[in-house]
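Q: Have a look at this one.
2 protein chains.
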Amino acid sequence: MRVSTRFSDSIHLLAFIKIYAGAHLTSDLIASSIETSPVVVRRLMGKLRHAGLITTTPGTAQPILAKPLNEISLLTVFYAVEGDKSLFAVDPKTNPDCIVGGNIQTVLQQYYQDAQTAAEARLAKTSLQDIVDNLLVEQAKKDAIH
Amino acid sequence: MRVSTRFSDSIHLLAFIKIYAGAHLTSDLIASSIETSPVVVRRLMGKLRHAGLITTTPGTAQPILAKPLNEISLLTVFYAVEGDKSLFAVDPKTNPDCIVGGNIQTVLQQYYQDAQTAAEARLAKTSLQDIVDNLLVEQAKKDAIH
DNA sequence: ATCACGGTAATTAATCTAGTTACAGGAAGT
DNA sequence: ACTTCCTGTAACTAGATTAATTACCGTGAT
Numbered sequence: 001m002r003v004s005t006r007f008s009d010s011i012h013l014l015a016f017i018k019i020y021a022g023a024h025l026t027s028d029l030i031a032s033s034i035e036t037s038p039v040v041v042r043r044l045m046g047k048l049r050h051a052g053l054i055t056t057t058p059g060t061a062q063p064i065l066a067k068p069l070n071e072i073s074l075l076t077v078f079y080a081v082e083g084d085k086s087l088f089a090v091d092p093k094t095n096p097d098c099i100v101g102g103n104i105q106t107v108l109q110q111y112y113q114d115a116q117t118a119a120e121a122r123l124a125k126t127s128l129q130d131i132v133d134n135l136l137v138e139q140a141k142k143d144a145i146h
Numbered sequence: 001m002r003v004s005t006r007f008s009d010s011i012h013l014l015a016f017i018k019i020y021a022g023a024h025l026t027s028d029l030i031a032s033s034i035e036t037s038p039v040v041v042r043r044l045m046g047k048l049r050h051a052g053l054i055t056t057t058p059g060t061a062q063p064i065l066a067k068p069l070n071e072i073s074l075l076t077v078f079y080a081v082e083g084d085k086s087l088f089a090v091d092p093k094t095n096p097d098c099i100v101g102g103n104i105q106t107v108l109q110q111y112y113q114d115a116q117t118a119a120e121a122r123l124a125k126t127s128l129q130d131i132v133d134n135l136l137v138e139q140a141k142k143d144a145i146h
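Protein chains in written order, with UniProt numbering: chain A, 1 to 146; chain B, 1 to 146.
Here it is as structure tokens:
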């Protein structure tokens with residue numbers, strides 16, 4: 001199953017808006033940082049807007065963060081762009097006339113949910129502000145070398 | 001970002017071998033429980049064999065569990081069939097000449113790893129014997145009703 | 001009015017999964 | 001030996017998902 005980069009790109013996008021708040025933030029400029037197309041950026045912004053994380057005005061650049069970044073967790077972003085999609089997939093079509101095939105979904109579902117909840121709890125602990133702070137630290141490390 | 005049903009099907013397969021140990025365990029029979037094709041079953045068995053979870057003899061039915069099921073965790077099965085594939089995908093191609101694009105992979109990687117480790121820790125806590133026990137309980141519930 | 005944008009739909013290309021077909025070879029009964 | 005029932009794999013196909021692209025409409029500022 002192919003892995004989506006929407007989640008990573010959305011975090012990228014939000015961090016970019018924060019860090020380059022002074023620039024003329026067009027979808028074109030943001031796309032050049034993510035190295036994707038402006039349409040992809042606008043699609044992501046659409047999902048983030050629906051989730052109430054940013055506000056935008058049609059026809060005008062400059063998306064605005066709707067909340068302070070320390071109030072937005074990675075989990076919030078994940079839900080915004082990926083919905084409540086599950087990390088582990090149950091095979092929905094198995095033989096119901098079999099002890100295994102007839103009950104496996106019920107049994108696996110709970111363990112999968114536990115694992116996913118554990119992962120989500122970690123994502124909930126990290127805010128976008130943490131990401132921005134880390135980005136600046138990493139950049140400072142690079143600058144120190146050169 | 002979603003795990004294929006190989007993981008679920010492999011758990012199914014191993015549980016089936018245990019529960020129906022008395023039957024003539026051909027890949028055809030197992031496939032009829034998973035509702036897939038015998039070839040898919042044999043492919044999965046190949047991975048499980050390489051991981052040392054079962055032994056098989058070419059030309060002969062009856063795969064054999066290489067260890068007691070309480071010594072095989074869900075995480076072991078996950079690694080056997082999915083490798084160390086990550087649940088969250090970093091976007092590898094971003095603009096290096098940008099504070100965000102140039103450092104985002106490094107930063108996200110650690111948080112993603114934390115989240116994945118948390119999920120894996122949960123998977124490691126559950127053994128295939130737990131799954132089998134639960135399957136039998138669920139089946140008993142059904143039988144009690146009818 | 002023009003120009004620079006965002007919003008969104010439709011299409012395409014690449015990739016992954018699972019199902020299928022095909023076939024070589026092992027094991028066991030006759 | 002021969003036949004039959006299997007496993008082990010490779011090759012191919014169909015479907016689903018993702019991201020990139022093309023295209024077009026509408027908005028807002030100058």
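Glycine included, every Cβ here is placed at the ideal spot set by N, Cα and C.
#1: Should S37/B go down as buried or exposed, given a rule of 16 or more other Cβ atoms within 10 Å for buried?
#2: Quick one: residues in its chain with C-beta nearer than 7 Å to the C-beta of G52/B, no 5 flanking neighbours on either side, listed in chain order?
#3: Have a look at the DSSP bridge pairing and note the partners of L65/A.
#4: By the 10 Å Cβ neighbour count, where 16 or more other Cβ atoms means buried, how is M1/A classified, buried or exposed?
#5: For R49/A and chain B, any beta-carbon pair shorter than 8 Å?
#6: In chain A, which residues lie with their C-beta within 9 Å of the C-beta of E71/B?
#7: Please name the residue, chosen from I11/B, T5/B and S4/B, that lies closest to V132/B on a Cα-to-Cα basis.
#8: Three-state secondary structure (DSSP) at T94/B?
#9: Please name the residue or residues paired with S127/A in a DSSP beta bridge.
#10: Mind checking whether L108/B and A80/B have CB atoms under 8 Å apart?
#11: Are the stretch 67-77 of chain A and the stretch 14-24 of chain A touching, with three or more C-beta to C-beta distances below 8 Å?
#12: Kindly say whether Y111/A, judged by its beta-carbon, lies nearer than 8 Å to any beta-carbon of chain B.
#13: Just checking my contact of M23/A with S8/B at CB under 8 Å: how many whole Å lie between their CB atoms?
#14: Quick check: the Cα distance between S18/B and Q129/B, rounded to an integer number of angstroms?
#15: Exposed or buried, which one is D84/B when buried takes at least 16 other CB atoms within 10 Å?
#16: Taking the alpha-carbon positions, what's the D143/A to T76/B distance?
#17: Are the beta-carbon atoms belonging to D114/B and R122/A less than 8 Å from one another?
#18: Note down, in chain order, each residue of its chain lying with its Cβ closer than 7 Å to the Cβ of S86/A, except the 5 sequence neighbours on either side.
#19: Whole angstroms is fine: what's the gap from I104/B's alpha carbon to H146/B's?
#20: Spell out the partners DSSP gives T117/A in its beta bridges.
#21: Is the beta carbon of T94/A less than 8 Å from the beta carbon of E120/B?
#22: Just tell me which of A61/B, G102/B, G46/B and V41/B has its CA closest to the CA of K141/A.
#23: Got a sec: which bits of the stretch 92-107 of chain B sit with their beta carbon under 8 Å from any beta carbon on chain A, in order along the chain?
A: Based on what the coordinates show:
#1: Locating residue 37/B in the second sequence gives position 37, counting from the first residue. When all chains shown are included, S37/B counts as exposed.
#2: Translated into positions along the second sequence, residue 52/B becomes position 52. The residues are A66.
#3: As a first step, residue 65/A must be located in the first sequence, where it is residue number 65. In DSSP, L65/A forms a bridge with I54/A.
#4: On the first sequence, residue 1/A is found 1 positions in, with the first residue counted as 1. Confidence is the limiting factor: at M1/A the pLDDT is only 38, short of 50, which leaves the residue's position unreliable, though a coordinate-based value still follows. Answer is exposed; the Cβ neighbour count stays below 16.
#5: Mapped onto the first sequence, residue 49/A falls at position 49. For R49/A, the answer is no, since every Cβ of chain B falls outside 8 Å of its Cβ.
#6: If you number the second sequence from 1, residue 71/B lands on position 71. At a C-beta separation below 9 Å, E71/B has no neighbours in chain A, since its nearest C-beta there lies roughly 17 Å away.
#7: Counted from its first residue, the second sequence places residue 132/B at position 132. That would be I11/B, whose Cα lies nearest to the Cα of V132/B.
#8: Position 94 of the second sequence, counting from 1, holds the residue named residue 94/B. Note: T94/B maps to coil in three-state DSSP.
#9: One-based indexing of the first sequence puts residue 127/A at position 127. For S127/A, which the question treats as bridged, DSSP gives the partners S73/A.
#10: By 1-based counting over the second sequence, the position of residue 108/B is 108. By 1-based counting over the second sequence, the position of residue 80/B is 80. Cβ atoms of L108/B and A80/B: not closer than 8 Å.
#11: yes
#12: Position 111 of the first sequence, counting from 1, holds the residue named residue 111/A. Chain B has a Cβ within less than 8 Å of the Cβ of Y111/A.
#13: Translated into the one-based positions of the first sequence, residue 23/A becomes position 23. Translated into the one-based positions of the second sequence, residue 8/B becomes position 8. Rather than Met, the amino acid found at residue 23/A in this sequence is Ala. Actually they do not touch by this definition, with Cβ atoms about 47 Å apart.
#14: Translated into positions along the second sequence, residue 18/B becomes position 18. Translated into positions along the second sequence, residue 129/B becomes position 129. Ser is not the amino acid found at residue 18/B; the sequence shown has Lys there. Each residue's Cα considered, the two are about 9 Å apart.
#15: Walking along the second sequence from the start, residue 84/B turns up at place 84. The residue in question, D84/B, is exposed, as its Cβ has fewer than 16 Cβ neighbours within 10 Å.
#16: Position 143 of the first sequence, counting from 1, holds the residue named residue 143/A. Position 76 of the second sequence, counting from 1, holds the residue named residue 76/B. Roughly 42 Å between the two C-alpha positions.
#17: For this step, residue 114/B is matched to residue 114 along the second sequence. For this step, residue 122/A is matched to residue 122 along the first sequence. Result yes, Cβ atoms of D114/B and R122/A sit closer than 8 Å.
#18: Position 86 of the first sequence, counted from the start, is the residue given in the question as residue 86/A. Residues Y112 and Q116 of the same chain have their beta carbon placed closer than 7 Å to that of S86/A, with the five preceding and five following residues left out of the count.
#19: Indexing the second sequence from 1 puts residue 104/B at position 104. Indexing the second sequence from 1 puts residue 146/B at position 146. Rounded to whole angstroms, I104/B to H146/B spans 57 Å at the Cα level.
#20: The sequence position of residue 117/A within the first sequence is 117, counting from 1. For T117/A, which the question treats as bridged, DSSP gives no partner whatsoever.
#21: Position 94 of the first sequence holds residue 94/A. Position 120 of the second sequence holds residue 120/B. It is not a contact, given that the beta carbons lie outside the stated cut-off.
#22: For the purposes of this step, residue 141/A is identified with residue 141 of the first sequence, where counting begins at 1. Among A61/B, G102/B, G46/B and V41/B, the Cα nearest to that of K141/A is on G102/B.
#23: If the cut-off is 8 Å between Cβ atoms, the stretch 92-107 of chain B has K93, T94, N95, C98, I99, V100, G101, G102, N103, I104, T106 and V107 near chain A.
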